[in-house]
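Per the numbering used here, the very first residue in the sequence shown carries number -4; after that it's consecutive. Cβ coordinates follow ideal geometry from the N, Cα and C atoms, glycine included. In this text the structure is predicted, and so the values were computed from the model without any measurement.
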Amino acid sequence: MSLMRSQKNSLLEEIKESALNPFNFDWDNEIDENTDLLLEVLKYKGTEYYFAIVVDDDIFRVGYTPGENMLYERTEYDEWEEILYYFRNWLSCLKREISQPDLWEELEKIKMDDLIPELDGLEFEDKYEREEFSYREVMQIEQGINDIRNYLVETSNGNDEEIKIINQKLDYLTDAVKRMGRTDWKNIFIGVMIDIGINIISNPVQRQKIGQMIQNMFSGIVKLISIP
């Protein structure tokens, strides 16, 4: 058995109501290998997402991906209105997933020297690497961190949540520079700046500006090694 034309039309109406583009959907019929029944699959083009329906006597059996809490979910009902409820739920889950960037994939593509090249060029002379910073060096670094802070706040477009994160992370750095050894603090500094580089610094111009500030901040304190 197959779906009636009116039932398929009702699915199209639901797609229109969801504000998704109907032209991104396509029907693909096949035979269910488990039941030998007709499997009618509505696929979202360019993805592996679909909503599949089998009409088995008086029962509608459906399976779909993505689901609300799992990648794949399935159910069965004898009332078409119940199937429409799950179809609407699937459309909501579909919109959620296709609108999400793959942050893990983006993270894998990012190298530290792509974010802020200067971070890969920080190295202390061996005989000083475990020493604490001098008073003059602490003052110089604090000034540099404040310059970075002011620039990030100015370019945050008034985003209160971003400003809060910036202040928390940079406050920690200014506190830690007074009590930690050079190498330990440098490693924390690099971690914080990578975090900011990924989540807050959005374009190459900003990264270049921050890189220049880092160079100025460490001038005379560490060696800046050129990375080929």
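Item: Proximity winner among I193, I216, N4, relative to Y126 (alpha-carbon distances); Value: The amino acid occupying residue 126 in the given sequence is Glu; Tyr does not appear at that position. Comparing Cα positions, the closest option is I216.
Item: Own chain residues within Cβ distance below 6 Å of D142, not counting five before or after; Value: M208
Item: Member of D53, F128, V148, G139 whose CA lies at the smallest distance from the CA of T178; Value: F128
Item: Beta-carbon contacts of E63 that lie in its chain and below 7 Å, excluding the five residues immediately before and after; Value: N84, C88
Item: Cβ-based burial, R174 [other Cβ within 10 Å; buried from 16]; Value: exposed
Item: Exposure of R213, with buried meaning 16 or more beta-carbon neighbours within 10 Å; Value: Note that residue 213 is Phe in the sequence shown here, rather than Arg. It counts as buried.
Item: Rounded C-alpha distance that separates R0 from Y72; Value: 19 Å
Item: Among L32, E76, Y44, R56, the one whose alpha carbon lies nearest that of M65; Value: Y44
Item: Backbone CA spacing between E12 and L86 [nearest angstrom]; Value: 10 Å
Item: Cα-Cα separation, Y146 to M134; Value: 18 Å
Item: Proximal residues to I54 (C-beta, below 8 Å), its chain only, five neighbours per side dropped; Value: E71, Y72, D73
Item: G41 (DSSP reduced to helix, strand or coil); Value: coil
Item: Three-state secondary structure assigned by DSSP to D73; Value: coil
Item: For K164, the nearest candidate out of E156, E149, V187 (CA to CA); Value: V187
Item: I10 and P17 closer than 7 Å at C-beta; Value: yes
Item: Reduced DSSP category for E176 - H, G, I as helix; E, B as strand; rest coil; Value: For clarity, residue 176 is Gly in the given sequence; the question names Glu instead. If DSSP states are grouped into helix, strand and coil, G176 belongs with the strands.
Item: DSSP beta-bridge partners of D51; Value: I54
Item: C-alpha distance - Y80 paired with S5, whole-angstrom precision; Value: 12 Å
Item: Through-space distance from A171 to L15, alpha-carbon basis; Value: 50 Å
Item: Check whether F46 and L34 have beta carbons under 7 Å apart; Value: no
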